[in-house]
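K.L.:
Numbering (this note's numbering), first residue to last: 12 to 290.
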Amino acid sequence: MDVIKHILSIGDKVIHFKNLGKSIGFVPTMGALHNGHISLIKRAKFENDIVIASIFVNPIQFNNKEDLQKYPRTLSEDVCLLQESGCDLVFTPTENEMYPSPDNRTFNFDSLDTLLEGKFRPGHFNGVAIIVSKLFEILKPDKAYFGEKDFQQLLIIKTMVKKMNLSVEIIPCTTIREADGLAMSSRNLLLASEDRVNAGMIYQTLIKAKELSKTQTIAEVKGFTIKKINSIPNFSVEYFEIINSLNLREITNWEDTEDKIGCIAAYAGKIRLIDNLKF
Ligand code: AMP
Numbered sequence: 012m013d014v015i016k017h018i019l020s021i022g023d024k025v026i027h028f029k030n031l032g033k034s035i036g037f038v039p040t041m042g043a044l045h046n047g048h049i050s051l052i053k054r055a056k057f058e059n060d061i062v063i064a065s066i067f068v069n070p071i072q073f074n075n076k077e078d079l080q081k082y083p084r085t086l087s088e089d090v091c092l093l094q095e096s097g098c099d100l101v102f103t104p105t106e107n108e109m110y111p112s113p114d115n116r117t118f119n120f121d122s123l124d125t126l127l128e129g130k131f132r133p134g135h136f137n138g139v140a141i142i143v144s145k146l147f148e149i150l151k152p153d154k155a156y157f158g159e160k161d162f163q164q165l166l167i168i169k170t171m172v173k174k175m176n177l178s179v180e181i182i183p184c185t186t187i188r189e190a191d192g193l194a195m196s197s198r199n200l201l202l203a204s205e206d207r208v209n210a211g212m213i214y215q216t217l218i219k220a221k222e223l224s225k226t227q228t229i230a231e232v233k234g235f236t237i238k239k240i241n242s243i244p245n246f247s248v249e250y251f252e253i254i255n256s257l258n259l260r261e262i263t264n265w266e267d268t269e270d271k272i273g274c275i276a277a278y279a280g281k282i283r284l285i286d287n288l289k290f
């Protein structure tokens with residue numbers, strides 16, 4: 012497995028593989044890899060001739076400086092994990108390589124980027140779209156793999172691909188969880204030990220909320236979920252919304268749509284966790 016820092020060198024590899032008629036599967040990441048990321052790599056390996064992963068902590072998608080500084084970086088462990096999981100190439104550009112000059116493009120996502128996460132992380136999805144579109148241009152993948160854990164991101168990337176008429180196919184991948192249900196996340200490394208013990212409650216509460224949806228109104232289920240998670244010491248819910256998963260609009264009745272999903276963001280101490288469950 013080659014680890015490549017420069018756009019020109021990885022570009023040469025991509026051309027080489029394309030000339031040989033090889034299909035390319037791509038997994039963009041910010042590193043601090045865990046089994047969630049690795050599940051994407053394995054799926055990409057199964058469905059393509061060549062798998063490329065990128066590791067780049069994209070500064071322009073962070074709306075909070077401290078969050079960017081604290082973001083875990085574990086490059087040498089990441090490279091070992093990628094090698095073991097069958098990845099063929101890793102792209103690890105520097106900030107200067109990706110942004111030799113500021114990229115001030117603004118994408119229009121017809122408000123998909125201002126709901127849910129977008130309300131609390133202004134500019135986040137524009138930063139994600141800029142980096143992902145640059146990586147697609149450099150790596151020219153046939154398929155790119157994104158986790159359903161970042162549900163809104165997945166929808167935004169699908170929308171970007173449609174709007175820009177890109178030829179890459181976006182493949183959604185199931186959320187991988189720890190034994191207690193906590194969605195795997197690079198940020199879990201930053202949790203205080205007692206918060207980590209309690210963090211499984213987020214998913215367990217979502218499961219309970221889904222059960223309650225058979226007998227209770229949306230307002231009641233939301234109330235239950237928020238109260239339950241806020242009652243955990245150190246935890247506070249930023250939002251919990253039950254939405255139409257096709258347009259991210261809140262629904263008010265269970266019958267409003269078949270495509271329902273509950274999305275949550277909660278702080279465990281200073282660490283912000285997100286999760287979701289289809290209802
Ligand atoms: P990140 O490194 O957090 O930017 O994530 C890179 C990719 O891995 C994104 O498409 C995420 O949605 C996906 N991902 C992160 N955590 C998980 C997980 N627990 N299960 C599945 N995919 C995940």
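Positions of the beta carbon are idealized from the N, C-alpha and C atoms, including for glycine.
Just so you know, these numbers come straight off a predicted model, no measurement behind them.
(1) When the distance is taken between beta carbons, is LEU86 closer than 8 Å to THR103?
(2) Does DSSP put PHE290 in a helix, in a strand, or in coil?
(3) Output needed for PRO133: all residues of its chain with C-beta closer than 7 Å, excluding positions within five of it in sequence on either side, in chain order.
(4) Let's see if you can read the secondary structure: which residues bound the alpha helix (DSSP H) around ILE182?
(5) Which one or two residues does DSSP pair with SER65 in a beta bridge?
(6) Measuring only the C-alpha atoms, how far is VAL25 from ILE35?
(7) Looking at LEU288 and ILE272, is the spacing between their C-beta atoms short of 8 Å?
(8) What number of angstroms, rounded off, separates the C-alpha of ILE49 from the C-alpha of THR226?
(9) Within the chosen definition, does the region 168-179 reach the region 57-73 through at least 3 CB pairs nearer than 8 Å?
(10) Does the beta-carbon distance from PHE131 to GLU249 come in below 8 Å?
(11) Rounded to whole angstroms, what's the CA-CA distance from ASP121 to PHE136? Just pull it up for me.
(12) Taking only the alpha-carbon atoms, compute the straight-line gap between ILE213 and PRO244 and give it to the nearest angstrom.
(13) Do you know offhand how far GLU180's Cα is from ALA155's?
(14) Taking only heavy atoms of ligand 1 into account, decide whether any of them is closer than 7 Å to the Cβ of SER34.
(15) Return yes when the C-beta of MET12 is under 7 Å from any heavy atom of ligand 2, and no when it is not.
(16) Does DSSP put ASP13 in a helix, in a strand, or in coil?
(17) With DSSP run on the structure shown, which of helix, strand or coil describes ASN255?
(18) From the DSSP output, in three-state form, read off ARG188 for me.
(19) Can you give the Cα-Cα distance for LEU100 and ILE141, rounded to whole angstroms?
(20) Name, in chain order, the residues that DSSP records as bridge partners for TYR278.
(21) Under 8 Å by Cβ, that's how I've got VAL38 and LEU51 pegged, so tell me the actual separation to the nearest angstrom.
(22) Ends of the beta strand (DSSP E) at GLY134?
P.N.:
Let's see:
(1) yes
(2) coil
(3) ASN74
(4) Counting along the chain, ILE182 falls outside any alpha helix (DSSP H), though it belongs to the beta strand (DSSP E) covering 180-184.
(5) PRO39, PHE102
(6) 8 Å
(7) yes
(8) 38 Å
(9) no
(10) yes
(11) 12 Å
(12) 13 Å
(13) 6 Å
(14) no
(15) This structure does not include ligand 2; its bound ligands are ligand 1.
(16) strand
(17) strand
(18) strand
(19) 22 Å
(20) SER247, ARG283
(21) 5 Å
(22) Note, GLY134: premise wrong, no beta strand (DSSP E); not H, not E.
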